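In what follows, a single structure is set out as structure tokens and then discussed.
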Ligand SMILES: [Zn+2]
């Protein structure tokens, strides 16, 4: 194996399309950071009782009473904190599969592919039986502690 060659990692050219884009009169409509846009869904309950699930930054008009809601009224820092919680709990399963993969590769290199598979299968079983249920419980509790916001119809 060779060391990584950094030459492949060129920066992509600028893709800005500044052509005639008008300056937005509404500063709240600025593009959202990607991390915020991909955050957990927000449960939006209208004053009339209608409920929907929206992403942060979405507008929603209630089909029943016609009130218009803008989730950008939620402070972005508070929502970003929520996203952090979600990411924190998503990282662990990813780390686990990575460790399993590395273990198998190490065993294959060592000429013990079968032993590696047995070990990983054993660990995966133990993980899903004992660790995961606990972990899910903690995740659910962390999400249950999340704040709720009062926003006003527009
Ligand atoms: Zn409504």
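In my numbering, the protein residues as written are 45 to 198.
Each residue gets a CB set at the ideal place from its N, CA and C atoms; glycine is no exception.
None of these values were measured; they are calculated from a predicted model.
Task: Continuous alpha helix (DSSP H) stretch holding residue 138: start and end - done: 120-153
- [ ] For residue 161, name the three-state secondary structure that DSSP assigns.
- [x] helix
Open item on the list: Tell me the rounded alpha-carbon separation between residue 95 and residue 148.
Closed with: 47 Å
Task: Contact under 7 Å by Cβ, residue 99 with residue 197 - done: no
Open item on the list: Between residue 167 and ligand 1, is there a pair consisting of the residue's CB and a ligand heavy atom that are separated by less than 6 Å?
Closed with: no
Open item on the list: Is the beta carbon of residue 86 closer than 7 Å to that of residue 115?
Closed with: yes
Open item on the list: Would you call the stretch 117-125 in contact with the stretch 168-178, where contact means no fewer than 3 C-beta pairs closer than 8 Å?
Closed with: no
Open item on the list: So, with DSSP's three-state summary, where would you put residue 88?
Closed with: strand
TODO: State the Cα-Cα distance for the pair residue 163 and residue 178, rounded to the nearest angstrom.
DONE: 22 Å
- [ ] Please go through the same chain and pick out, in chain order, the residues whose beta-carbon is closer than 6 Å to the beta-carbon of residue 183, but skip the five residues on each side of it.
- [x] 133
Open item on the list: For the beta strand (DSSP E) containing residue 103, name the first residue and the last one.
Closed with: 103-105
- [ ] Spell out the partners DSSP gives residue 113 in its beta bridges.
- [x] 104
Open item on the list: When you compare the CB of residue 171 with every CB in chain B, is at least one pair closer than 7 Å?
Closed with: Among the chains of the structure shown, chain B does not appear; only one protein chain is present.
Open item on the list: Is the beta carbon of residue 186 closer than 7 Å to that of residue 129?
Closed with: yes
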